[in-house]
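J.: Below is the structure I would like to discuss, written out as structure tokens.
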Amino acid sequence: MPKKPTPEDMGSNSHNQSIGGKKPKINNLTMGVRYRALVEQVPAVIYTDSAEKIYQTLYINPQLKTITGYDPAEWLSDDDLWEKIVFPDDRERVMEEYLRSYTAKVPSISEYRIITRDGRIIWVSDETRLIRDKIGKPLFWQGIMVDITARKQAEEEIHRAKQRMEMLVTSSTVMLYTCNAFSDFDATFVSDNIYVITGYTKEEFLSKGFWANHIHPDDVAKVFNVLSALIENNYHKHEYRFLFKDGSYHWMYDELKLFKDNSGDPIEIFGTWSDITARKQAEEALNQSEDKFKYVFDYSNVGKSITSLEGEIHLNKAFCEMLGYSLEELQGKRWQDITYPDDLELSQTEFDSILSGEKETAHFTKRYLKKNGSIIWADISTSLRWDNQGKPLYFISAEIDITERKQVEMVREVLYTISQAAVTENLEDLYLSIHRALGNLMPVDNFYIAFYDPEADLLSFPYTVDQRDESSPPRKPGHGLTEYVIRTGCPLLVDQQAFTQLIQQGEVELVGADSVDWVGVPLKMGEEIFGVIALQSYTERVRFSQADMKMLEFVSAQITPVIERKLTQQRIADALEFNLALIDVSTMGIVAYDSSGQCILANEAIARILGTTREQVLKQNYNHIESWRNSGLLESAHETAVTGNETRREIHTMSSFGKEIWLDCCFTYLFSNGKSHLLLTVNDISIPKQAEVTLQAYAAKLEEYNRDLQDLAIERKQAEIVALASEAKYRALVDTSPDGITMTDLEGKLVLCNQQTAHLHGYENPEAMCGLNVFELIAPEDRQLAIQNAQKTLDEGNVTNIEYIMLRKDGSRFPAELSAAIIRDTVGAPATFIAITRDITERMLAMEAEKRLIQLKEEFIASVSHDLRTPLFSLKGYLDLLRNGKVNDSEVQNEFLTRASVDVDRLMEMVNELLDVSRLENNRMVLNWEEVDLETVILEVLQSFRDQANVRRISLTSAPLDISLIAEVDPSRMRRVLANLVENAIKFSDVDGGILVKGESGNGNITIDVIDQGCGIPAEDCSKVFDKFYQVGHTLKKNRFGTGLGLYISKQIVEAHGGSIAVKSQLGIGSTFTITIPVKKGI
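The letter at position 428 of the sequence shown is residue 447 when you use this note's numbering, and the numbering goes up by one with no holes.
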């Protein structure tokens, strides 16, 4: 992705545009930023390269800095920066691929490493494809770079886990295999130790019919009868003889588990296969001779035990070694003493079944407790010995250590359980699931999870189960064992002696209760350590081994991504709570109602304004609030709900505390997630209203003084003194008012104003404004309204809360709210106007910001979140299946690649449409005018869609013309418009339908009709089809992919030519889109 000259900034002035006829005008800068943000906030680096000059980048979005640390301007100014940061080992390969793609003009996709500004090495997937116009002319290269470091790290971790698992399986004496669940039961997989045990290679064993052909002839019928029964029971184990490579038959113990799909149909059989010839030979020897029995018993490498009817046990050397005891230590012990508590009932049941004669031999698996407290799994074969009179003597058993096999099975089960928990449970339940799952592998009576936050430098313990210590609150890191693992990044197993040595070395100190054993492993994402999982024991009976640490480390590596994903989800949830908190801290009361009138959201400000609680507000339905009906608020709410228009009303009421309040209420209609809502914003205007009442009193007082002055002319001097004193008192009130107060004559000439008025209009003092005409302080577009309201004040005595755009001395503007009253002379004739002016800039900005926030959220969720993620998830699914080798059929592979390519094309189409909108609305669309025969353009467009239409058997025709359709247009733009209309007609036409394109010329204009026989558009939606993001498919309840910008872009292009575009449609009959453009440029 080479870097070259800095292109012209994508964001420039854009036309004010009204959406749906309901939104207020938005300034040019805001409109440009809004649509540019749709491209710039995609979580990937999107760039555009020149199609004419190699290594020339035309645009790159700000996500470059998020992923690489480099600023777009810096990137574009350095021609060699891209080549410099490509990892040296990848550089030659990547540059050759880019040059090949550019020269051949074919798409390219590469995965390589780059070095970020801060020195990190990350993996990226870089895909480019050449964008052409409708006639195939190259326009530009479009590229997208995605950070795939996490995926690469996950792949590497999976590879390492697979190697560890293969090592575990290879070193085991138990063979693992899978086979099909059909009549031949041929093996589909076998572990590598097959050769060591049987002498056969994997290829030989996996060949067709091999397994069945090597079963001892006397055992074939029995084996296949068992396998047939397996289909019904899902699980079985049996023993039979199998021919080894050296020509000898060996007894094999075969344990099988059948897996079925969701429909209950068999999929595959998973089995464990072990050579039990030694065990069989030992059993046979026991039957032949007591002497041989004793010898075999004592010196067999298979665990052997004799259990009296009272439960006392005698074990052979191999069994003692399995448990870690000497023969002397087990002298006088009972079988219950070495059996895992949870398996006591199972063992007793098996013994009872033999004593009762229900069966001669019992085969089962159970757990034993080793001397060090750890657990081993054993496969048990038990039978009962009788004397000559048929009296039972003792049980004799053979025990085979199957701990390794069980661990493999349990690890798989643990990982499956945790992965399921991650999908369905919250963080607390996930930690509990991890704890319980680990309990199947090792003792977990004392277990905890710790997280470390490097930014806050805090160590927290979200989950702790301990027999002695309480859960620790978050704290600064100290010198405990947990901190030691975080510092070193290595797993740790310490007993009391090792712990003492670490203390003496100054590495750690005792934190909490002292333990016998402590084992902990780090939680890592890449090279970053964010926590620890630890186990500890307070008793000599439970000890941990290096194998336990390795197992805990393996499980930790598998569950780390699960925990990290859950923590990320929690952070997202916290962010949503933060947004709700922002509404709560707003000083403006905010309430939302659903379509039935029920309150669904209320912030603390509305409760404070009304003198009630938020809970009381949330219980209300505005249709049942009596004060709403009396004040007219209910009427305003219904008006907004029906018309969709914003309504405002000022009410005078009492709070719950009996306080007199004035409220400015505004209703706004919202449509979100397919549902209608009503938003009410409430501003407490009690203070300015009280000032207004005071001013009215002041005006009334002035009138009274005027009459007194006329009646008391003889006391004029004294009256002047009284008037001056009164004026000083009221002047002080006026000058300290937070609102502008003015007095004018009936012509609008300013007679008197306070300091706040001068401040609002940008004058130094009130004297500088005297003599000005107040109508000149109002924006030209609002002056006629101001004159009408002045007349209304003369007629009715006052007007309140009128909004104007006011002017400052420097020509700048600000929104204001004005209330005015008339002052009359002694005979009742109008004398002067008095007015209060309030700057409502902050209130307007707040309301505009609220609407803009809602609009941005809805557009973003509707047009980006779904349309981006759906093809991305589909694309990832296909690629994962191909990468993991789950699909071996070449035809299916080609089909998946084809679908993936289609998904990429859909994403590129959406991004290009968003870029086009940005250019259109930023006044960056340049028309290349040419004299063109539009009949030729029509035929070219129809030909380009011929294959697509033929797939659905849709005919594409143009009406024969006997007139000229030559006009001055931009041919590529007009081709784009016609292509959009024809493509939409194909989308919404039924199979075997028809599409007709015809043109006419007259009165200096050319008219082109695109007529289809599709499903049609509802009459109420015809006026919306040219709006941004509007998709006809949603109205018709069909799944249509796209941004909803095609017709909007077409309308902009046609209007740029001085023309118009319209639609007529009938449901079930079809639609006709009509383009009208002038023949000559500028007509």
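Glycine included, C-beta positions come from ideal geometry on N, C-alpha and C.
Bear in mind that the values here come from a model prediction, so they are computed numbers and not experimental data.
Apart from the five residues on each side of it in sequence, which residues of its chain come closer than 7 Å, Cβ to Cβ, to ALA850?
T.: ILE842, ARG843 and ASP844
J.: Less than 8 Å between the beta carbons of GLY392 and ARG560, yes or no?
T.: yes
J.: Looking only at DSSP bridge pairs, what is TYR78 linked to?
T.: THR67
J.: Whole-angstrom Cβ separation of THR501 and ALA469, contact assumed at under 8 Å?
T.: 5 Å between Cβ atoms; contact.
J.: Closer than 6 Å by C-beta to LEU1066: which residues in its own chain qualify, once you throw out the five before and the five after it? Chain order, please.
T.: VAL1044 and PHE1045
J.: Within a Cβ cutoff of 8 Å, which residues of the same chain sit near GLY228, ignoring the five residues on either side of it in sequence?
T.: ASP203 and ASP205
J.: Assuming LYS323 and ALA337 are in contact, meaning their beta carbons sit under 8 Å apart, how far apart are those beta carbons, in whole angstroms?
T.: 7 Å
J.: Buried or exposed: which applies to ILE706, given that a residue is buried once 16 or more other Cβ atoms fall within 10 Å of its Cβ?
T.: Under this definition ILE706 is an exposed residue.
J.: Helix or strand or just coil, what does DSSP make of TYR219?
T.: coil
J.: Assuming HIS382 contacts ILE399 (C-beta within less than 8 Å), just tell me the rounded distance between them.
T.: 7 Å
J.: Check whether the Cβ atoms of VAL701 and ILE619 lie closer than 8 Å to each other.
T.: Taking 8 Å as the Cβ cut-off, VAL701 and ILE619 do not qualify as a contacting pair.
J.: Label ARG201 either buried or exposed according to how many other C-beta atoms from any shown protein chain fall within 10 Å of its C-beta, with 16 as the threshold for buried.
T.: For clarity, residue 201 is Phe in the given sequence; the question names Arg instead. The residue is exposed, with fewer than 16 neighbouring Cβ atoms inside 10 Å.
J.: So, at 7 Å on beta carbons, what are the nonlocal neighbours of SER674 in its own chain, with the 5 sequence-adjacent residues on each side left out?
T.: LEU629, GLY630 and ILE680
J.: In whole angstroms, what is the alpha-carbon distance linking GLU489 and ASP533?
T.: 13 Å
J.: With a 10 Å radius around its C-beta and 16 neighbouring C-beta atoms as the bar for buried, classify ILE1027 as buried or exposed.
T.: buried
J.: Check for me: the beta strand (DSSP E) holding ARG494 runs from which residue to which?
T.: No beta strand (DSSP E) contains ARG494, which DSSP labels as neither H nor E.
J.: Please report the straight-line C-alpha distance between VAL513 and GLY539, rounded to a whole angstrom.
T.: 9 Å
J.: Could you spell out the range, first to last residue, of the alpha helix (DSSP H) harbouring LYS543?
T.: That residue, LYS543, is in no alpha helix (DSSP H); its beta strand (DSSP E) goes 536-544.
J.: What does DSSP give as the partner residues of GLN161 in its beta bridges?
T.: GLN161 pairs with THR67 and ARG148.
J.: According to DSSP, what are the bridge partners of LEU837?
T.: ILE821 and THR856
J.: Decide yes or no for the touch test of the segment 420-430 against the segment 516-536: beta carbon pairs closer than 8 Å, at least 3 of them.
T.: no
J.: Put VAL105 into one of helix, strand or coil per three-state DSSP.
T.: strand
J.: How about THR819 and GLU665: do their beta carbons lie closer than 8 Å?
T.: no
J.: Going by CA-CA distance only, name the one from ASP814, TYR268, LEU100 and LEU451 that's closest to TYR74.
T.: Considering only alpha carbons, the answer is LEU100.
J.: Give the range of the alpha helix (DSSP H) segment to which LYS1006 is assigned.
T.: Residue range 990-1006 is occupied by the alpha helix (DSSP H) that includes LYS1006.
J.: Hey, how far is the Cα of LEU403 from the Cα of LEU334?
T.: The straight-line gap separating the alpha-carbon atoms of LEU403 and LEU334 is approximately 16 Å.
J.: Can the beta-carbon of ILE985 be found less than 8 Å from the beta-carbon of ASP952?
T.: yes
J.: For CYS1041, name the three-state secondary structure that DSSP assigns.
T.: Reduced to three states, the DSSP call for CYS1041 is helix.
J.: Which residues in the same chain have their Cβ closer than 8 Å to the Cβ of CYS789, if we skip the five residues on either side of it in sequence?
T.: LEU769, VAL770, LEU771 and CYS772
J.: Per DSSP, which one or two residues make a beta bridge with PHE480?
T.: The partner list for PHE480 (beta bridge, DSSP) is empty, contrary to what the question assumes.
J.: Between which two residues does the beta strand (DSSP E) holding ASP1028 run?
T.: For ASP1028, the enclosing beta strand (DSSP E) starts and ends at 1024-1031.
J.: So the candidates are ASP989, ASP1031 and GLY1023; which of them puts its Cα closest to the Cα of THR976?
T.: ASP1031
J.: What's the gap between the Cα of GLU954 and the Cα of TYR66?
T.: 36 Å
J.: Along the chain, where does the alpha helix (DSSP H) that runs through TRP647 open and close?
T.: Looking at the DSSP string, the run of the alpha helix (DSSP H) that includes TRP647 is 645-650.
J.: At what residues does the alpha helix (DSSP H) containing GLY1065 begin and finish?
T.: 1065-1075
J.: Can you tell me which residues form a DSSP beta bridge with LEU277?
T.: Per DSSP, ILE288.
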